[in-house]
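Trainee:
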Amino acid sequence: MKRGFLYLLSMILLVVASPGAQAENDYLQWQMFGGNPQHTNYSGLEFFTSHLKRLWTFSLDEHIFRYARRISVWSSSAVSAKIGQDTFIFIGSYTHHLYCINARDGKEAWRFTTGAAINSAPLFTWVKDKPLVIVASTDRIIYCLDAKSGEKLWNYPIYPWTFTVFEAVSSSPFVVEIEGLQCVVFAVWYADRRPLRNLQQGEVLCLDALTGKKIWGRPLSSSFLFSPAFVRINGNPLIFITSSDGNIYCLSAWDGNLIWKFTSSIPVTSSPLLARLEDKSVVLFGTFFGLIFCLNAENGELLWKYKVRMQVSSIGAAAKIGKRDLVFVSSYDRSLYALDLLTGQCLWSYPTKQHISASPIIVKMEGKARVIFPSLDNKIYALDAETGEPLWTYPLGRRLWAYETRGETLWPSPIAVSSNDKSLLIVPWYDGKVYAFAE
104 MKRGFLYLLS MILLVVASPG AQAENDYLQW QMFGGNPQHT NYSGLEFFTS HLKRLWTFSL
164 DEHIFRYARR ISVWSSSAVS AKIGQDTFIF IGSYTHHLYC INARDGKEAW RFTTGAAINS
224 APLFTWVKDK PLVIVASTDR IIYCLDAKSG EKLWNYPIYP WTFTVFEAVS SSPFVVEIEG
284 LQCVVFAVWY ADRRPLRNLQ QGEVLCLDAL TGKKIWGRPL SSSFLFSPAF VRINGNPLIF
344 ITSSDGNIYC LSAWDGNLIW KFTSSIPVTS SPLLARLEDK SVVLFGTFFG LIFCLNAENG
404 ELLWKYKVRM QVSSIGAAAK IGKRDLVFVS SYDRSLYALD LLTGQCLWSY PTKQHISASP
464 IIVKMEGKAR VIFPSLDNKI YALDAETGEP LWTYPLGRRL WAYETRGETL WPSPIAVSSN
524 DKSLLIVPWY DGKVYAFAE
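FYI, my numbering numbers position 204 of the sequence shown as 307, with every residue one higher than the one before it.
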């Protein structure tokens with residue numbers, strides 16, 4: 104299979120961030136939110152046709168508890184890993200379960216039940232040759248499980264239960280090596296409404312991936328925090344995290360100390376995306392009023408901004424397409440945009456019939472880059488990444504809910520994985536099912 108240079112570069116960064124990973128199995132998988140610590144949503148897998156066929160369907164637990172703000176309908180985004188001879192899909196659900204699904208046939212391998220919904224994507228990693236899956240639940244606990252069996256190895260309570268406590272809003276975690284220690288980094292918002300001890304706290308936490316012991320914590324805001332991204336710049340390990348208070352923060356991964364902060368003066372509604380542009384790293388994020396910001400990741404300097412018509416809640420996808428570095432961004436204005444990463448110029452846009460709030464991904468089909476994304480018009484699309492020409496679309500089921508809280512409901516994104524030398528497109532959908540597509 105052909106593999107894109109940018110994906111190999113991002114996976115080199117991933118291996119640097121987590122050298123305990125089994126790289127020979129991992130570079131064809133999607134082990135964390137965004138595909139890598141930079142959230143580029145780029146896969147090196149190649150499909151030899153643009154017209155994929157449904158391989159299997161997995162139905163999640165259909166018990167409906169209640170509609171809630173910020174729920175994922177019906178699941179979190181998925182991650183994947185190869186363990187032994189098989190590839191497994193790990194996905195959280197609103198029904199409190201973390202599922203492990205065999206990618207070959209869509210059969211459930213195991214499930215683990217938490218105390219509340221799982222909205223954020225889990226993380227797969229290897230620590231001392233042990234396959235681990237780590238997930239944050241809205242029950243204010245982060246869990247570490249044996250990826251083979253689903254057995255709980257440790258858990259870390261973020262905030263103790265009381266009659267006045269809210270469910271947490273947790274991000275997707277990533278793993279990084281700090282002074283020889285494999286560490287899990289994630290963000291969480293928690294609140295307690297007791298009259299004399301009212302609390303609303305957004306915090307970044309760093310835990311030992313093997314034991315769950317807290318290494319450091321950094322309170323940042325009383326607002327929601329989004330899934331952090333990671334990159335090394337001049338040898339310095341840096342964490343980038345956005346907040347709904349309108350700020351993006353750059354922290355040192357060593358101790359959580361603040362390196363710089365940029366204030367957009369607009370509520371931020373997406374996680375950050377990191378990309379390499381010429382001789383520097385850049386960080387991008389979207390906002391409630393449709394402004395997309397691109398900053399120099401080293402110092403927070405504004406490079407450009409671009410305005411779409413409505414809210415941007417996905418982190419987008421980035422890759423070198425032809426001779427240009429591009430970033431793809433979806434919006435609640437129903438369109439997907441291709442922007443020049445150097446200038447912020449819009450090269451093309453593609454309209455659908457409903458909001459697009461999940462992240463697109465980039466894969467190769469028939470030797471060319473394609474961008475794949477879901478829309479709330481009940482379809483998944485594949486476009487030519489260079490021109491925006493539509494190549495493939497597939498209708499899927501309707502939402503379990505007849506409504507959503509715009510800007511508050513979380514929608515899962517597709518991923519690309521390898522299973523038994525076959526490239527698969529895994530699509531968690533809001534009809535309560537997970538779909539696998541193949542050539």
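We put the CB at the ideal spot given by N, CA and C, even for glycine.
Quick one: does the C-beta of W213 sit closer than 7 Å to a heavy atom of the ligand FMN?
Mentor: Ligands in the displayed structure: none, and consequently the ligand FMN is not present.
Trainee: Name, in chain order, the residues that DSSP records as bridge partners for V291.
Mentor: On the sequence shown, residue 291 is found 188 positions in, with the first residue counted as 1. Per DSSP, S273 and E306.
Trainee: So what does V182 bridge to, in DSSP terms?
Mentor: On the sequence shown, position 79 is the one that residue 182 refers to. F193, per the DSSP bridge assignment.
Trainee: Suppose the cutoff is 6 Å on Cβ atoms and the five residues either side in sequence are ignored; what does the same chain contact list for M468 look like?
Mentor: Taking the sequence shown and counting its residues from 1, one reaches residue 468 at position 365. Contacts found: F150 and S153.
Trainee: Output the residue ranges of the beta strand (DSSP E) runs that lie fully inside the segment 344-428 and measure 3 residues or longer, sorted by chain position.
Mentor: 350-355, 361-366, 376-380, 383-389, 394-399, 405-410 and 420-424
Trainee: Examine the Cβ distances between the segment 475-487 and the segment 438-456 and report whether three or more of them are shorter than 8 Å.
Mentor: With contact defined as three or more Cβ pairs closer than 8 Å, the segment 475-487 and the segment 438-456 are in contact.
Trainee: With a threshold of 8 Å on Cβ separation, who are the neighbours of I318 within its own chain once the five nearest residues in sequence on each side are excluded?
Mentor: As a first step, residue 318 is located in the sequence shown; it is residue number 215 there, counting from the start. Within the same chain, I318 has close Cβ partners I281, L284, C286, C309, L310 and D311.
Trainee: Along the chain, where does the beta strand (DSSP E) containing D436 start, and where does it finish?
Mentor: Indexing the sequence shown from 1 puts residue 436 at position 333. It is not in any beta strand (DSSP E) - D436 carries neither H nor E in the DSSP assignment.
Trainee: Check whether chain D comes within 8 Å of F227, counting only Cβ atoms and requiring the distance to be less than that.
Mentor: Given the protein chain composition of this structure (a single chain), no chain D is represented.
Trainee: Is it the case that the Cβ atoms of I464 and S146 are separated by a distance below 8 Å?
Mentor: For this step, residue 464 is matched to residue 361 along the sequence shown. For this step, residue 146 is matched to residue 43 along the sequence shown. Result yes, Cβ atoms of I464 and S146 sit closer than 8 Å.
Trainee: Considering I244, what are the terminal residues of the beta strand (DSSP E) in which it resides?
Mentor: The sequence position of residue 244 within the sequence shown is 141, counting from 1. Note, I244: beta strand (DSSP E), I244 to D249.
Trainee: I need the straight-line Cα distance from A420 to G403, nearest angstrom please.
Mentor: Taking the first residue of the sequence shown as 1, we reach residue 420 at position 317. Taking the first residue of the sequence shown as 1, we reach residue 403 at position 300. Cα to Cα, A420 sits roughly 20 Å from G403.
Trainee: Measuring CA to CA, which of R157, A422 and P260 is closest to L442?
Mentor: Translated into the one-based positions of the sequence shown, residue 442 becomes position 339. Selected option, being the one with the closest Cα: A422.
Trainee: Where does A224 sit, in a helix, a strand or coil, going by DSSP?
Mentor: Position 121 of the sequence shown, counted from the start, is the residue given in the question as residue 224. If DSSP states are grouped into helix, strand and coil, A224 belongs with coil.
Trainee: Tell me the rounded alpha-carbon separation between G359 and F289.
Mentor: Taking the sequence shown and counting its residues from 1, the one referred to as residue 359 is at position 256. Taking the sequence shown and counting its residues from 1, the one referred to as residue 289 is at position 186. Straight across, the Cα-Cα distance linking G359 with F289 is about 12 Å.
Trainee: Quick one: is G393 buried, meaning 16 or more other Cβ sit within 10 Å of its Cβ, or exposed?
Mentor: Here the question's residue 393 lines up with position 290 in the sequence shown. By the neighbour-count rule (16 or more Cβ atoms within 10 Å), G393 is buried.
Trainee: Among I424, L444, R412 and S240, which has the Cα closest to the Cα of D436?
Mentor: Residue mapping note: residue 436 aligns to position 333 of the sequence shown, counting from 1. Considering only alpha carbons, the answer is R412.
Trainee: Whole angstroms is fine: what's the gap from L439's alpha carbon to S521's?
Mentor: Within the sequence shown, numbered from 1, the residue matching residue 439 stands at position 336. Within the sequence shown, numbered from 1, the residue matching residue 521 stands at position 418. Cα-Cα distance, rounded: 26 Å.
Trainee: Identify whether K456 lies in helix, strand or coil by the three-state DSSP scheme.
Mentor: On the sequence shown, residue 456 is found 353 positions in, with the first residue counted as 1. It is coil, neither helix nor strand.
Trainee: Which class does A219 belong to by DSSP, given the choice of helix, strand or coil?
Mentor: Reading the sequence shown from its first residue, position 116 is the one you call residue 219. A219: coil per DSSP, three-state reduction.
Trainee: Look up M468 in the DSSP assignment and give the residues it is bridged to.
Mentor: Counting from 1 along the sequence shown, the entry for residue 468 is found at position 365. Beta-bridge pairing links M468 to F150 and K471.
Trainee: Buried or exposed: which applies to A185, given that a residue is buried once 16 or more other Cβ atoms fall within 10 Å of its Cβ?
Mentor: In the sequence shown, counting from the first residue as 1, residue 185 sits at position 82. Just to set this straight, residue 185 is Lys in the shown sequence, not Ala. Per the 10 Å Cβ criterion, buried.
Trainee: Have a look at R473 and C353 and give me their C-alpha separation to the nearest angstrom.
Mentor: For the purposes of this step, residue 473 is taken as residue 370 along the sequence shown, with counting starting at 1. For the purposes of this step, residue 353 is taken as residue 250 along the sequence shown, with counting starting at 1. Straight-line Cα distance between these residues: approximately 31 Å.
Trainee: Whole-angstrom Cβ separation of Y293 and Y262, contact assumed at under 8 Å?
Mentor: For the purposes of this step, residue 293 is taken as residue 190 along the sequence shown, with counting starting at 1. For the purposes of this step, residue 262 is taken as residue 159 along the sequence shown, with counting starting at 1. Yes, Y293 and Y262 are in contact; Cβ-Cβ is about 4 Å, under 8 Å.
Trainee: My understanding is that T366 touches G349, with C-beta atoms under 8 Å, so please give their C-beta distance in whole angstroms.
Mentor: The sequence position of residue 366 within the sequence shown is 263, counting from 1. The sequence position of residue 349 within the sequence shown is 246, counting from 1. Between T366 and G349, the beta carbon gap of about 6 Å places them in contact (Cβ cut-off 8 Å).
Trainee: Hey, quick one: how far does the beta strand (DSSP E) through P234 stretch, first residue to last?
Mentor: The residue you call residue 234 lines up with position 131 of the sequence shown. Run containing P234: K233 to S240, per the beta strand (DSSP E) assignment.
Trainee: Got a sec? Which residues, its chain only, sit under 6 Å from A245 by beta carbon, not counting five neighbours each side?
Mentor: What you label residue 245 is simply residue 142 of the sequence shown in a count that begins at 1. Looking at the sequence itself, residue 245 is Ile, so the reference to Ala does not match. Once the five neighbours on either side are set aside, the close Cβ partners of I245 are A239 and Y259.
Trainee: Let me know the secondary structure DSSP gives T314 once reduced to three states.
Mentor: Along the sequence shown, one-based indexing puts residue 314 at 211. Coil.
Trainee: With DSSP as the reference, label N562 as helix, strand or coil.
Mentor: Since the first residue of the chain shown is 104 and the last is 542, residue 562 is not available in this structure.
Trainee: From what residue to what residue does the beta strand (DSSP E) around F540 run?
Mentor: Along the sequence shown, read from residue 1 onward, the residue named residue 540 stands at position 437. Element bounds for F540: K536 to A541.
Trainee: Answer with buried or exposed for N222, where buried requires no fewer than 16 other C-beta atoms within 10 angstroms of its C-beta.
Mentor: Position 119 of the sequence shown holds residue 222. Buried: at least 16 other Cβ atoms inside 10 Å.
Trainee: By how many angstroms is the C-alpha of S368 removed from the C-alpha of L528?
Mentor: As a first step, residue 528 is located in the sequence shown; it is residue number 425 there, counting from the start. As a first step, residue 368 is located in the sequence shown; it is residue number 265 there, counting from the start. For L528 and S368, the distance between alpha carbons rounds to 38 Å.
Trainee: Determine the DSSP secondary structure at D487, reduced to helix, strand or coil.
Mentor: Translated into positions along the sequence shown, residue 487 becomes position 384. In the displayed model, D487 falls within a strand according to three-state DSSP.
Trainee: Under 8 Å, with one C-beta from each stretch per pair, do the segment 299-309 and the segment 227-241 reach the 3-pair mark?
Mentor: Judged by Cβ distances under 8 Å, the segment 299-309 makes no contact with the segment 227-241, as fewer than three pairs qualify.
Trainee: Are the segment 210-229 and the segment 182-197 touching by the rule of at least three beta carbon pairs closer than 8 Å?
Mentor: yes
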